[in-house]
Amino acid sequence: MPEQSAQVSAQEAIKAVESQCPKEAESGKAETSSSTESKSEPALPPLSGHEFKQYNRLAEHMNHFHEHFRQTWNLLYTAASSGRRPAGMSLKQYVNQGLEFISHLTVHHNIEETYIFPILARKMPEFQSNGKGKRAAELLQQHKEIHKGMDVMEDYLRKCHSGELDLEMPVLKVKMDTWGAVLWKHLDQEVETLGAENMRKHWTIEEIRRIPM
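All residue numbers in the sequence shown are consecutive under our numbering, ending with 217.
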């Protein structure tokens, strides 16, 4: 999310959505919905191009930020795997790039968990921290797994930045390998969850427009 503007407008947007959306997570309706999700669902009518764009708004915005994380991860991981830094990038710049990546991802997750997930959790078990069912809180659990590995990587890079340790690419690669798989799964799955075909099952277009992103 655009870190500055998201925090400024998010609280007002949350109040607007809360006034319109039933607290299904609290009433138990969301749990009932989740328990029957595996059963046959009625076919929904095709979406027009305009409707698809409206329902897919959150997914498009989320993927924009996720693509930045994918590109930065690839830059860092390719160098760690090959032992060669990107052309024109000094050792200090490379370490700073890694620390900046971690900082941006941390802020991104904090904004999601503070402003966006609580709204989505009203109707979607994937975002319910106390939900039940196979899919409940899966994306939140991924956040926890990501941050376990990310914290270890950050600690290593900070020691390299301060001069306490010399940066060793094979060591960095091992640390990235511990959380790379869950990160990439999360980047893809979160966007898919926010996609038009899934969102239309839970929200109206007007409700989606009021969700901050």
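Note that beta-carbon positions come from the ideal geometry of N, C-alpha and C, so glycine has one too. Keep in mind that this is a model prediction, so the values were computed, not measured.
Asked                                                                                                      : Found
At least 3 beta-carbon pairs within less than 8 Å: the segment 209-216 vs the segment 76-92                : no
Beta carbon of Gly102 nearer than 9 Å to that of Leu176                                                    : yes
Integer-rounded CB distance, given that His70 should sit under 8 Å from Val195                             : 6 Å
Alpha-carbon spacing of Asp155 relative to Met203, whole angstroms                                         : 32 Å
Among Leu79, Glu45, Arg162, Thr110, nearest to Lys152 - alpha-carbon criterion                             : Thr110
Beta-carbon gap between Tyr1 and Trp207 smaller than 9 Å                                                   : An answer regarding residue 1 cannot be provided, because it is not within the stretch 5 to 217 covered by the chain.
Alpha helix (DSSP H) runs contained entirely in the segment 54-100, provided each spans 4 or more residues : 61-86
Coil, strand or helix - Leu161 by DSSP                                                                     : helix
Nearest-angstrom Cα separation, counted from Lys205 out to Thr118                                          : 24 Å
Helix, strand or coil at Thr208 [DSSP, three-state]                                                        : coil
Distance between Leu95 and Gln145 (C-alpha atoms, nearest Å)                                               : 34 Å
Beta-carbon proximity list for Arg61, same chain, < 8 Å, skipping 5 on both sides                          : Ile212, Arg213, Met217
Straight-line gap, Glu172 to Glu158 (C-alpha atoms, nearest Å)                                             : 14 Å
For Arg126, three-class secondary structure by DSSP                                                        : coil
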